[in-house]
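One structure below.
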Amino acid sequence: MNSAFNSDCLDLSTTRRGLLRTGCCVVCSALAPKLTTGAHAAARYFDGCFITPEGYREFLSQREEMHPIVDGLFARNRHFRTTGDASIDRDLDRALGVVADLFSVKPAFGFYDPAKFQDSDEPESLNMNAWATQESTDIPGTRGTVAFGWDLFRKEFYEYDNSGMTIMAIIAHEFGHILQGTHGYLSRIRTGNPQKSEINADFLAGYFLGTRKRQNAALQFRKAGELFIRLGRSSEGKPKRTHGNSQERLDAAEAGFRVAYVEKRGLDDAIRAGLEYVS
């Protein structure tokens with residue numbers, strides 16, 4: 001594991017509430033392109049971290065609850081999917097706000113049930129997806145949409161990291177995609193090589209992590225590095241992969257981390273550095 005994450009090993013005594021409160025994060029879930037089958041023509045619902053127009057229409061038809069990133073997103077909306085723990089809900093509220101404020105984005109955010117995206121051979125739930133789209137909901141003041149698969153949330157929290165760090169890592173990567181759209185370069189870097197947008201989002205997520213380290217030098221991030229490696233493995237050896245492999249994802253996040261923590265550069269400089277990185 002590279003030095004920035006290896007040297008900042010996660011303190012296992014840190015509470016899950018404490019980690020969520022800091023808004024620590026760094027990566028995204030690996031999303032395989034998805035084809036539906038059946039009597040009708042195949043409809044691709046997911047392409048990397050993005051949902052296709054067909055998939056977005058399917059998502060809207062499910063009438064999942066979406067909300068703006070504001071204080072009390074979970075705590076005040078008990079009909080909305082929550083973690084089941086009021087204190088964790090409050091800390092997740094705060095952490096989402098930290099990511100949104102740093103990246104200056106205002107997406108609508110919510111959970112969804114990936115099991116509703118079914119395939120006769122491979123249910124969408126097996127891919128444990130989270131996704132971003134530049135499509136906006138009808139919620140005033142928001143731009144773009146980020147949704148988190150409920151199965152993915154439970155798997156990360158209960159099987160991998162009950163500190164909540166990997167949850168926030170995935171969210172940070174998705175918010176990075178919203179930033180790409182609001183700054184007008186998403187389509188440009190995806191054209192011809194969709195993987196570039198994912199590597200760039202890893203860079204931005206690493207930048208976020210570095211800013212948190214500057215604000216709290218005691219923070220440690222071994223779980224973040226482990227997540228990059230774990231999710232990158234699904235892309236190993238695939239010629240048409242949409243995400244980087246383990247080393248590429250870790251390297252990109254390390255580069256973003258250095259821009260924030262070592263070079264102490266602002267967001268505009270980080271965006272330029274991230275574009276140079278993928279060029």
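Quick note on numbering: the sequence shown equals residues 1 to 279 in this note's numbering. The beta carbon of each residue, even a glycine, is placed where N, CA and C say it ideally should be.
Buried or exposed: which applies to residue i, given that a residue is buried once 16 or more other Cβ atoms fall within 10 Å of its Cβ?
i           : result
residue 53  : exposed
residue 210 : buried
residue 172 : buried
residue 232 : buried
residue 268 : exposed
residue 107 : buried
residue 22  : Low local confidence applies: a pLDDT of 47 at residue 22 is under 50, so the model's placement there is unreliable, with the coordinate-based value given in what follows. With 16 or more Cβ atoms within 10 Å of its Cβ, residue 22 is classed as buried.
residue 207 : buried
residue 264 : exposed
residue 191 : exposed
residue 249 : buried
residue 103 : buried
residue 366 : The structure shown does not extend to residue 366, since the chain is modelled only from 1 through 279, so no value can be given for it.
residue 266 : exposed
residue 164 : buried
residue 92  : buried
In this structure, what does DSSP give as the bridge partners for residue i?
i           : result
residue 67  : 109
residue 146 : 109 and 132
residue 59  : Paired residue(s): none; residue 59 is not in a bridge.
residue 229 : Paired residues: none, contrary to the question.
residue 51  : 46
Tell me, to the nearest whole angstrom, how far the beta carbon of residue i is from that of residue j; I am working on the premise that it is less than 8 Å.
i           : j           : result
residue 144 : residue 204 : No, residue 144 and residue 204 are not in contact; Cβ-Cβ is about 14 Å, not under 8 Å.
residue 135 : residue 56  : 6 Å
residue 186 : residue 197 : 6 Å
residue 147 : residue 112 : 5 Å
residue 58  : residue 117 : 7 Å
residue 278 : residue 189 : 6 Å
Below 7 Å CB to CB, which residues in the same chain sit around residue i once its five sequence neighbours on both sides are set aside?
i           : result
residue 123 : Unreliable positioning characterises residue 123 in this predicted model, as indicated by a pLDDT of 48, which lies under 50. A coordinate reading is not provided.
residue 309 : Outside the displayed span of the chain (1 to 279) sits residue 309, for which this structure offers no information.
residue 133 : 50, 51, 56, 144 and 145
residue 154 : none
residue 271 : 183
residue 48  : 31, 194, 198, 242 and 243
Only counting the same chain, and skipping five residues up and downstream in sequence, which positions put a Cβ closer than 6 Å to that of residue i?
i           : result
residue 252 : 199, 202 and 203
residue 176 : 201, 204 and 205
residue 241 : 235
residue 273 : 259
residue 275 : none
residue 246 : 229, 232 and 233
Which same chain residues end up closer than 8 Å to residue i when comparing Cβ atoms and leaving out the 5 residues on each side of it in sequence?
i           : result
residue 100 : 69, 106, 107 and 175
residue 141 : 68 and 106
For the region 152-209, list the alpha helix (DSSP H) runs that are entirely contained and at least 4 residues long, ordered along the chain.
List check, alpha helix (DSSP H) in window: 165-182 and 186-190.
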